[in-house]
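Novice: In the numbering used here, each residue's number is its place in the sequence shown (first place is 1) plus 688. Just so you know, even glycine gets a beta-carbon here, dropped at the ideal spot from N, CA and C. Can you keep this structure in mind? I'll have questions shortly.
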Amino acid sequence: MDLWNIATVCHRLIWQQTLRDEGRLDDELWRFYGSADIDLFFGKYRSILDNVAQVIKTTTSAPMTVPQSFNDLLTWLKNSSNRRLINEKYIKLVESWDWFNLIKKIRDSIEHEGAETVVDYDKHNVLFKVSSLGTSLGTSLSN
């Protein structure tokens with residue numbers, strides 16, 4: 689379901705951008721709706737990665753010992769004795785997602801630190817900035 693929600697959010701952002709281009713959605717509403725959708729996007733994205741961790745967990749020789757969250761799985765894999773429980777292909781896959789920490793930082797800032805998402809208008813991209821105490825965390829989603 690989370691994957692469909694992300695697809696819906698991306699489609700809705702493009703649809704709203706089209707409405708804005710056609711003058712059927714004013715700039716303020718575009719920014720409010722877009723900000724809400726960006727916040728939802730990061731929350732659902734993180735949830736999908738937790739689902740990936742849960743799938744990996746079910747394939748291991750000792751599923752009760754493997755963490756359910758993606759973040760915890762990354763930490764858990766730093767222990768060499770844990771690595772033997774998971775197929776090397778899954779380990780390489782998980783560790784190749786080096787962008788995860790940025791997604792986590794943005795999502796956690798939105799959910800737990802009161803970060804503000806501001807969407808701006810651009811004809812070809814959904815530009816946004818997530819700021820937490822003056823620190824910019826993200827920039828754009830491309831069409």
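(1) Please tell me whether residue 727 and residue 700 are closer than 7 Å, where the distance is taken between their beta carbons.
(2) Thinking C-alpha only, which one of 750, 783 and 749 is nearest residue 765?
(3) Residue 797: buried (16+ other C-beta within 10 angstroms of its C-beta) or exposed?
(4) Between which two residues does the beta strand (DSSP E) holding residue 820 run?
(5) Take residue 749 and list the residues in its own chain whose beta-carbon comes closer than 8 Å to its own, dropping the five residues that flank it on each side.
(6) Residue 805 and residue 816 - do their beta-carbons sit closer together than 7 Å?
(7) Helix, strand or coil for residue 704? Go by DSSP, reduced to three states.
Specialist: Once the coordinates are examined:
(1) no
(2) 783
(3) buried
(4) 813-820
(5) 773
(6) yes
(7) helix
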